[in-house]
Amino acid sequence: MSEPIQEPNVQPVDLSNYSAAILYSEDRPLFDDAVAAAKAGALRAAYVMIWLACAESLKRRFREAQKRDSAAGSIVGDIETKEREHRSVDKFVLDKAHEYGFLSDPGHTILNHVYEMRCLYGHPYEEAPSQEQVSHAAAVVVEHVLSKPVKLRHGFGKQLLKSLLENRNYLDDQQTAVTAFTKDIIPRLDESIHGWLLDKYWEELEELADDSSMAIFFRRGIWFCRTMLTEVGVDVFSHDEWHERAGRFPKTLMRVCGIADIFKEIGNRAQDALVGSILVESSTHASVLTYLERLNNDGALSVRQQERFTERISEMDSSELRSAALSTKTCYEKLIAAMKSYDWYVQNPAIELIVSNGPDQAAELTEQQQIELGRNILQSAEGASNMAARFLVRLSDEGSRWPLGIVRGIALETFTNEKQELRFKTKHLHRVLDALDRLPNTELEQVVAEVSESIVKSEPQFWVSREELGDVIDSLKPFSWASALISSLETKAGEFTGEDEET
């Protein structure tokens, strides 16, 4: 094979050091030809090949982008039409790459100059490029095109939002599916459109927030945006920008930012604005308070934000609390206050909330809170609360499912109050004993010992007749494990003998 003809008085140029920065193997062959030509001193040919490597890479990027973007597909169609008609496409490709976003403004200006010089050097009767010009062309083509990954920009972003907002079957209505899709698509997006995409999406989602028929699209948007922010970082916006957006898109951002990893990073003013929006929204949609509950549980709320949340809960009645779907732990103080109201209209919804939240949530309470909850359930049942009575029925059927602390509280309240005063609550005694009878032996022994000790240490709250005390003992006799309780009550009976005889 003969050596390429060198331009007169022109020295070879080594361009091989630029090759390492080329990202895709598809872009290497033409650039390798340019390297070979430059090494042989054929600088005119090298310059032309450098430009061809640039132009063909841009075409390939449009073909790659069209897989997910119809706007890119339209450009590919125009390129193919021009090529079939044997028309020059290089300038068209360069300008479209700029419009689409593959090239920045400075990059387009620089590469446009390379294109113009390529047109000049392509004619053998014109001046040949210098070593410096060839080296410069290689450097800028690699910097602005060949070293860059294929990134999708506004054209794709618009098509993506259209699909997310209009195509009901575009993604499965599952958070895992939307999260996986988002993680797949984000690396393909140019970083410069992240903020633009979120703003456009939030603007549309805010319009859908209260439309139940569009719930699937709103839900999808929340999952997508949360995942996107987790992937690209909350610093896509400054704290001031987050504050401004919290005012523009409150319904959307109270949900998007409703997880600690995002909420903690948006700045205090934006946080306060979203907390305020949630509290206002809770007057008509109480369930939004679960966002504050989750943030509070994860330690994301400031002291003042916690106070605002607690104040709102204290204002709610039991029915509102239940519709809010808050946890038993969050509502604890309010539930206790409701059960102490002596009003079954207030007590029943509170106990319904405890039951619907179930044993697992009750287990999240401290031991002392569980005992207090148990005491108040029995107090409500002794009054007019049919829901408390139903709870005792359920407890007698499935006692071991509920935390032991609640059973302890109910058992203690049956015999003594918090002041260690003896008095009997016997309206549901048979249910309480049935619940105890279902406990595992170790737990049963613990409760019996605790109640027996409480009885022994107690003083009468008011006069207790031997007949009343005897009735309680008779109720205990069928249970073999109740001997310690019977013994402690008989000891107390001896203390009451004198009083009873005087009467």
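The sequence shown begins at 106 in the numbering used here and counts up one residue at a time.
No residue lacks a Cβ here, since even glycine has one placed at the ideal position from N, Cα and C.
Coarse secondary structure for residue i, derived from DSSP in three states
i, result
"T596", "helix"
"G603", "Because the pLDDT at G603 is just 47, under 50, the model does not fix this residue reliably, and the value given afterwards should be weighed accordingly. Three-state result, G603: helix."
"L128", "coil"
"K471", "The sequence as given places Thr at residue 471; Lys does not occur at that position. Residue state, collapsed to three classes: coil."
"P454", "helix"
"T186", "helix"
"P565", "strand"
"D487", "The amino acid occupying residue 487 in the given sequence is Glu; Asp does not appear at that position. E487: helix per DSSP, three-state reduction."
"L294", "strand"
"E232", "coil"
"E523", "coil"
"L257", "strand"
"C159", "helix"
"M319", "helix"
"R192", "coil"
"Q376", "helix"
"L445", "Reading off the sequence, residue 445 comes out as Lys, not Leu. In the structure shown, K445 sits in coil (DSSP, three-state: anything other than H, G, I, E or B)."
"N272", "coil"
"H390", "coil"
"C330", "helix"
"F342", "coil"
"L574", "helix"
"I511", "helix"
"T531", "coil"
"I364", "coil"
Chain C within 8 Å of residue i, Cβ atoms only
i, result
"N217", "Annotation note: the requested chain C is absent from the structure, which comprises a single protein chain."
Cα-Cα separation between residue i and residue j, rounded to whole angstroms
i, j, result
"S107", "K144", "Note that S107 has pLDDT 45, beneath the 50 cutoff, so the model's placement of it is unreliable and the number below is only indicative. For S107 and K144, the distance between alpha carbons rounds to 14 Å."
"E558", "K445", "26 Å"
"C224", "H218", "10 Å"
"R331", "V283", "10 Å"
"R409", "W328", "28 Å"
"A598", "E555", "19 Å"
"A375", "D345", "8 Å"
"E420", "Y450", "16 Å"
"E398", "R168", "48 Å"
"V104", "F368", "One cannot answer for residue 104 here, as it falls past the ends of the chain, which runs 106 to 608."
"V552", "A516", "8 Å"
"S580", "L574", "10 Å"
"E477", "H299", "51 Å"
"A141", "Y152", "11 Å"
"I591", "I418", "43 Å"
"D403", "F520", "39 Å"
"R325", "D278", "7 Å"
"T608", "R571", "The predicted position of T608 is uncertain, since its pLDDT is 45 and thus under 50; a value taken from the coordinates is nonetheless stated next. Cα to Cα, T608 sits roughly 11 Å from R571."
"R353", "V194", "44 Å"
"K439", "D502", "27 Å"
"R480", "E523", "9 Å"
"R173", "D132", "21 Å"
"P109", "D138", "Residue placement at P109 is poorly supported in this model, since its pLDDT is 47, which falls under 50; the coordinates still yield a value, given next. Distance between the alpha carbons of P109 and D138 is about 12 Å."
"D377", "F342", "17 Å"
"Q566", "S593", "17 Å"
"A176", "D366", "35 Å"
Under 8 Å between C-beta atoms of residue i and residue j
i, j, result
"P508", "P464", "yes"
"K431", "L394", "The sequence as given places Leu at residue 431; Lys does not occur at that position. A contact, by the Cβ cut-off of 8 Å."
"L426", "F414", "no"
"L64", "A233", "Any answer about residue 64 is impossible in this case: the structure gives the chain only from 106 up to 608."
"M359", "S382", "yes"
"R528", "V569", "yes"
"V339", "I371", "yes"
"G212", "H249", "yes"
"S392", "S428", "yes"
"S252", "A126", "yes"
Environment of residue i [buried if 16+ CB atoms lie within 10 Å]
i, result
"Q452", "buried"
"D210", "exposed"
"A443", "buried"
"E518", "buried"
"Q475", "buried"
"H535", "exposed"
"F496", "buried"
"P454", "buried"
"L120", "buried"
"S130", "exposed"
"T471", "exposed"
"S162", "buried"
"S588", "exposed"
"A158", "buried"
- Item | Any 3 or more C-beta pairs closer than 8 Å across the stretch 264-274 and the stretch 187-197 | No: fewer than three Cβ pairs fall under 8 Å.
- Task: Check whether the stretch 458-475 touches the stretch 483-491, counting contact only when three or more Cβ pairs, one atom from each stretch, lie closer than 8 Å.
- Result: No contact exists between the stretch 458-475 and the stretch 483-491.
- Item | Segment contact flag, the stretch 254-261 with the stretch 199-208, C-beta cutoff 8 Å, min 3 pairs | Flag = yes, the stretch 254-261 and the stretch 199-208 touch.
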